[in-house]
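In terms of full-length UniProt numbering, the sequence shown has 114 at position 114, counting the first letter as 1, and numbering is strictly consecutive.
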Amino acid sequence: MRVVMFGHQTWGHRTLRALLESSHEVVLAVTHPKSDHAYEKIWDDSVADLAAEHDVPVLLRKSPTDPELLQAVKDARPDVIVANNWRTWLPPEIYDLPPHGTLNVHDSLLPKYAGFSPIIWALINGEPEVGVTAHRMTEELDAGDVLLQRSVPVTPTSTATDLFFATVDLIAPIVHEGLDLIESGQAVWTPQDRTKASFFHKRAIEDSRIDWTWPAEDLERLVRAQSDPYPNAFTFHKGERVRVLEASVSEGNYGGTPGRVFIREGDGIVIVSGADARSGRLPGLVIRKVRLDDGTELAATDYFRTMGGYLG
């Protein structure tokens, strides 16, 4: 089949690479220009560079609504469009143009975690698994009928970085199998259960700020969800921003006011956590390793030399 590809960053790069390795012909690649957004500098393998290396025509667009792009897609005469991490809405004049429509590849187990940064949100929320969905693109973002899904488990120590690598490795097999099913006429499209749908916004730096009223279990997952190279979970201590690199849930229960720098436990420092911490029935967050704005990394026991005071 003739394939037009829409995509950006490493997700788009892996998708284009999978298409180039397949039996199908890539006739056009469309991607976004590079961005200064903190999250778009991460996993930024270039779709444009890969397309150029393989003599695939490439267009850079922030928005897909200009007539020149529509004409370019028409001129490419695709049998199907494949999209992955295309960051803006595609109009029906494009996604419905090919005979087989547009196969969108999204890094969540739809209908949950439609939208942006699904792996990070899923890890924060304690989901037991994450994955990749190939579905038909429709007017509503990430809401079309599902063709294929593949999942990987989330372990008690999984970081967002671990889960990124696990899920990005699912792209090639899901693209290959999906296109083979479409080409052979064996594709079965399953409507999403929209009562189970959830939609998440893009993450910004402020979303990494620690809210000490969260339970310690949630904060521990937030730290793992903001693993390098993502912007780390952070808090403020005496006016200085402190990034939390390693943390765990305390063994003991600690009462008081959320954010209090309380006591040493093992090789870390307990911070009182949870909206109901005053009850004394909740664990705290044990911070083990921090990073300062100048890049210095310290054991928490070296940074918090004295107890007392508050983080916030």
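Yeah, the Cβ is synthetic: ideal placement off N, Cα and C, and Gly gets one too. All values reported here derive from a predicted model rather than from experimental measurement.
Label residue i either buried or exposed according to how many other C-beta atoms from any shown protein chain fall within 10 Å of its C-beta, with 16 as the threshold for buried.
i: Val272; result: buried
i: Asp107; result: buried
i: Thr155; result: exposed
i: Asp293; result: exposed
i: Trp212; result: buried
i: Ala18; result: buried
i: Glu127; result: buried
i: Gln186; result: exposed
i: Phe165; result: exposed
i: Met307; result: exposed
i: Thr31; result: buried
Rounded to the nearest angstrom, what separates residue i and residue j at their Cα positions?
i: Asp66; j: Glu265; result: 59 Å
i: Thr133; j: Tyr113; result: 11 Å
i: Val130; j: Ile120; result: 10 Å
i: Arg194; j: Pro111; result: 7 Å
i: Leu109; j: Ile42; result: 22 Å
i: Gly309; j: Val261; result: 6 Å
i: Glu25; j: Glu140; result: 28 Å
i: Val82; j: Ala76; result: 14 Å
For residue i, which residues does DSSP report across the bridge?
i: Leu298; result: Val290
i: Gln149; result: Thr133
i: Asn84; result: Gly7, Val105
i: Glu25; result: Arg2
i: Ile263; result: Val270
Of all the options the options, which has the alpha carbon lying nearest to the alpha carbon of residue i?
i: Lys202; options: Ser184, Thr88, Leu282, Phe262; result: Thr88
i: Asp145; options: Ala216, Ser198, Thr102, Thr306; result: Thr102
i: Leu97; options: Leu163, Leu110, Pro78; result: Pro78
i: residue 317; options: His135, Arg278, Val244, Leu148; result: This structure cannot speak to residue 317, because the chain is shown only from 1 to 312.
i: Asp44; options: His8, Pro231, Gly115; result: His8
i: Pro153; options: Glu177, Ala172, Gly312, Leu123; result: Leu123
Is residue i near the ligand SAH, with its Cβ less than 7 Å from a heavy atom?
i: Lys238; result: With respect to the ligand SAH, the structure offers nothing, as it holds no ligand at all.
I think residue i touches residue j, with their Cβ atoms under 8 Å apart; what is that distance to the nearest whole Å?
i: Ala225; j: Pro283; result: Rounded, the Cβ-Cβ distance is 19 Å, inconsistent with contact.
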